[in-house]
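Trainee:
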Amino acid sequence: SAKASYNRQMSFGDDVISRIIYAEQKEGLKKLNRTICETINDLISALISENKLTRNDILAIQCAGNTTMIHLFLGISPEFIRKEPYIPAVNYPPPIKAAEIGLKINPKGIVSCVHGVSSYIGGDITAGVLACGMHNFSTVSLLIDLGTNGEIVLGNKDWLVAAACSAGPAFEGVGIKSGIRAVEGAIQGISIIDDKTSVAPQGGPAGESSGKSVKIKYTTIGDKKPKGICGSGLIDIPGELLKNGIIDRSGRFVRTEHGDPQKHASPGIQQLIRTNLRKNNDDDFEFVIVPADETSNKKDVVLTESDIANIIRSKGAIFLGIQVLLEEMGLGLENINHVFVSGGFGTYLDVEKSVLIGLLPDIPREKFSFIGNSSITGAKMCILSKEARQKAIEIANEMTYIELSVNTKFMNEFTSALFLPHTDINLFPTVKKRLKL
6 SAKASYNRQM SFGDDVISRI IYAEQKEGLK KLNRTICETI NDLISALISE
56 NKLTRNDILA IQCAGNTTMI HLFLGISPEF IRKEPYIPAV NYPPPIKAAE
106 IGLKINPKGI VSCVHGVSSY IGGDITAGVL ACGMHNFSTV SLLIDLGTNG
156 EIVLGNKDWL VAAACSAGPA FEGVGIKSGI RAVEGAIQGI SIIDDKTSVA
206 PQGGPAGESS GKSVKIKYTT IGDKKPKGIC GSGLIDIPGE LLKNGIIDRS
256 GRFVRTEHGD PQKHASPGIQ QLIRTNLRKN NDDDFEFVIV PADETSNKKD
306 VVLTESDIAN IIRSKGAIFL GIQVLLEEMG LGLENINHVF VSGGFGTYLD
356 VEKSVLIGLL PDIPREKFSF IGNSSITGAK MCILSKEARQ KAIEIANEMT
406 YIELSVNTKF MNEFTSALFL PHTDINLFPT VKKRLKL
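Here the sequence shown stands for residues 6 to 442, where the numbers follow our numbering.
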């Protein structure tokens, strides 16, 4: 049984740095600690009610989270994550009684946290490595966690290196006009197709939004009426718009100075652009994915040019982070045997479109696996197995952290990745062929 909720700490800041700054204010740490524990207690209440249990039945809680969140959860000041000496107060928090931090389970219940590695590689990533099993392989694997920090891990059974790309919260729907969490009704994929065909995008049952001769087919989580776009949709939609000539490689909507669609687009696509593209009150172009009369909240679901710019920054940081880690280890893309993509951003990931926008490397598609929320999977393994808990400790101890903010290549080449898929199209040969560049 599972439940999810927005973290109430969002009212104090969307990103961890904002929350660290707030925690330094008078009573700030107490407020942040209280809000996360209240959020968790509400989820516990919902779970015990659904499963006909009592609080006394819960004897243990296993947590896996980023380093800042674990500090705030335990009521420990995270200030030195952003100040000298730029190290967390604790990477290996000891088990404590749940009552000490206000979690409402059995009074003797214990809370344990998966060990972290550094300020920006927390126990959630350790749990992800444990879940995907890359630490057991003789060949080189890559783990990409598509969250706010955009953590990546490269390695095998002999070595593990990790980095955090500061990707931002775009893939979690934050800062995106129609962005939402991966909940029922979240759009996670679209296909722009001719009226005569009716092939839905993979990932679930389809709905459709008409543009006369061309239609936008969409899938939502739970086959519910759409109400926003989750992370997988925010990866999928720009790829589909690029493929159909609705946006260019800079991420801008394709229009002439006179406001008409470019003539190289097909007649159907030109009509779709005329119908669905507009300027909003913020003087930003936005494209209507689903009109208000088809949504559950009676609001248009749109993607704006600013949204696309946010997504490009996020994907650019992650792809460049992959390049830097490979270079640090003297490896190339051809040396990667498997890529595990994790994150709580949807129930599926379209690998082809992820490569198309330059988020994932252009390597054989059979090397990719989407493993969902690997942090939860790893935490579950730890709470059920003493051996898994010990293995997680070993993984954290063996992982080497590489700081990208002081890496010259990362800082100098970041702008090169702010293109679809990249300014160097030769890094993406299949995309070059597909877009006929």
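Quick reminder that beta carbons are idealized off the backbone N, C-alpha and C, glycines included.
#1: Just the C-alpha distance for T382 and G363, rounded to the nearest angstrom, thanks.
#2: Would you identify the three-state DSSP class for D429, choosing helix, strand or coil?
#3: Here's the rule: buried if 16 or more other CB atoms are within 10 angstroms of the residue's CB, otherwise exposed. What is D429?
#4: In angstroms with no decimal places, state the Cα-to-Cα distance between K36 and Q30.
#5: By the 10 Å Cβ neighbour count, where 16 or more other Cβ atoms means buried, how is Q395 classified, buried or exposed?
#6: Say whether the segment 369 to 384 touches the segment 44 to 54, bearing in mind that this needs 3 or more beta-carbon pairs closer than 8 angstroms, one atom from each stretch.
#7: State whether the segment 224 to 244 contacts the segment 174 to 194, with contact taken as three or more CB pairs (one from each stretch) at a distance under 8 angstroms.
#8: Residues in the same chain with beta-carbon distance under 7 angstroms from D163, minus the five sequence neighbours each way, listed in chain order, please.
#9: Along the chain, which unbroken stretches of the alpha helix (DSSP H) at least 4 residues long are found entirely within the segment 131 to 156?
#10: Could you have a look at E189 and say whether DSSP puts it in helix, strand or coil?
#11: Quick one, which of R254, K438, M404 has its alpha-carbon nearest A422's?
#12: Please report the straight-line C-alpha distance between G152 and D62, rounded to a whole angstrom.
#13: Quick one: what's L308 bridged to in DSSP?
#14: Pick from G348, D129, T59, P296: whose alpha carbon is nearest that of I277?
#15: Would you check if the distance between the CB atom of L166 and the CB atom of T413 is smaller than 7 angstroms?
#16: Where does T202 land, buried or exposed, given buried means 16+ other C-beta within 10 angstroms?
#17: Using beta-carbon positions only, say whether S289 and S319 come within less than 7 angstroms of one another.
#18: To which residues of the same chain is A172 closer than 6 angstroms at the C-beta, ignoring the five residues directly before and after it?
#19: Would you mind giving the Cβ-Cβ distance between V134 and A69, rounded to the nearest angstrom? I have them listed as a contact below 8 angstroms.
#20: Report yes or no: do three or more beta-carbon pairs, one from the segment 128 to 146 and one from the segment 101 to 116, lie closer than 8 angstroms?
#21: So, at 7 angstroms on beta carbons, what are the nonlocal neighbours of L282 in its own chain, with the 5 sequence-adjacent residues on each side left out?
#22: Are the beta-carbon atoms belonging to G114 and A103 less than 7 angstroms from one another?
#23: Taking the beta strand (DSSP E) that R279 belongs to, which residues open and close that run?
#24: Just list the residues that DSSP pairs Q67 with in beta bridges.
#25: Using alpha carbons as the reference points, say which of D150, V145, K222 lies closest to G160.
#26: State the Cα-Cα distance for the pair K230 and A187, rounded to the nearest angstrom.
#27: Going by Cα to Cα distance, which pick from S23, A7, G18, M15 is closest to I53?
#28: On the DSSP bridge assignment, give the partners of S123 in chain order.
#29: Inspect the beta-carbon positions of G244 and L361 and report whether they are closer than 7 angstroms.
#30: How is R260 classed by DSSP in three states: helix, strand or coil?
#31: Thinking C-alpha only, which one of L442, G227, F424 is nearest N315?
#32: Thinking C-alpha only, which one of M386, D287, I294, I26 is nearest L77?
#33: Classify K230 as helix, strand or coil using the three-state DSSP reduction.
#34: Assuming Y223 contacts I294 (C-beta within less than 8 angstroms), just tell me the rounded distance between them.
#35: Measure the C-alpha to C-alpha separation of A270 and T300 and round it to an integer number of angstroms.
#36: If I measure Cβ to Cβ from L4 and keep anything under 7 angstroms in the same chain, skipping five residues before and after, which residues do I get?
Mentor: Judging by the given coordinates:
#1: Each residue's alpha carbon lies about 27 angstroms from the other.
#2: D429 carries a coil assignment under DSSP once its states are collapsed to helix, strand and coil.
#3: Its Cβ having fewer than 16 others within 10 Å, D429 is exposed.
#4: Rounded to the nearest angstrom, the two C-alpha atoms are 10 angstroms apart.
#5: Exposed is the label assigned to Q395, since fewer than 16 other Cβ atoms lie within 10 Å of its Cβ.
#6: Taking a cut-off of 8 angstroms for Cβ pairs, the segment 369 to 384 and the segment 44 to 54 do not touch, as fewer than three such pairs fall below it.
#7: Contact check between the segment 224 to 244 and the segment 174 to 194: three or more CB pairs, one atom from each, fall below 8 angstroms, which counts as touching.
#8: Answer for D163: no residue qualifies.
#9: You should have found no qualifying run.
#10: In this structure, E189 counts as coil in the three-state DSSP scheme.
#11: Comparing Cα positions, the closest option is R254.
#12: One C-alpha to the other measures close to 32 angstroms.
#13: Its beta-bridge partners are F292.
#14: What sits at residue 277 in the sequence shown is Leu, not Ile. When each option's Cα is compared against that of L277, the closest is P296.
#15: With the sequence shown as reference, residue 166 is identified as Val, and Leu is not the correct amino acid for it. No; because the gap between Cβ atoms is not below 7 angstroms, this pair is not in contact.
#16: At T202, the pLDDT of 45 sits below 50, so the modelled position is not reliable and the matter cannot be decided from this model.
#17: The residue asked about is misnamed: residue 289 is Asp in this sequence, not Ser. In this structure, D289 sits away from S319, with a CB-CB distance that is not shorter than 7 angstroms.
#18: Counting only residues of its own chain and dropping the five nearest sequence neighbours on each side, A172 has a CB closer than 6 angstroms to the CB of G155, S319, A322, I323.
#19: No, V134 and A69 are not in contact; Cβ-Cβ is about 11 angstroms, not under 8 angstroms.
#20: The count of Cβ pairs closer than 8 angstroms, one atom from the segment 128 to 146 and one from the segment 101 to 116, stays below three, leaving the stretches out of contact.
#21: Hits under 7 angstroms: F258, F290, F292.
#22: Yes. Within cutoff.
#23: Run containing R279: none in the beta strand (DSSP E); it sits in the alpha helix (DSSP H), 272 to 281.
#24: DSSP output for Q67 lists S117 as bridge partner(s).
#25: Distances from the CA of G160 to each of D150, V145, K222 were compared; the closest alpha carbon is that of V145.
#26: One Cα belongs to K230, the other to A187, and the distance between them is close to 14 angstroms.
#27: For the residues S23, A7, G18, M15, the minimum Cα distance to I53 belongs to A7.
#28: S123 is not bridged to any residue.
#29: Yes; because the gap between Cβ atoms is below 7 angstroms, this pair is in contact.
#30: If DSSP states are grouped into helix, strand and coil, R260 belongs with the strands.
#31: The alpha carbon of N315 has as its nearest neighbour, out of L442, G227, F424, the alpha carbon of F424.
#32: Ranked by Cα distance from L77, the options M386, D287, I294, I26 are led by I26.
#33: Assigned with DSSP and collapsed to three states, K230 falls in coil, not helix or strand.
#34: At roughly 7 angstroms, the Cβ-Cβ gap stays under 8 angstroms, so Y223 and I294 are in contact.
#35: Taking the straight line joining both Cα atoms gives about 28 angstroms.
#36: Since the first residue of the chain shown is 6 and the last is 442, residue 4 is not available in this structure.
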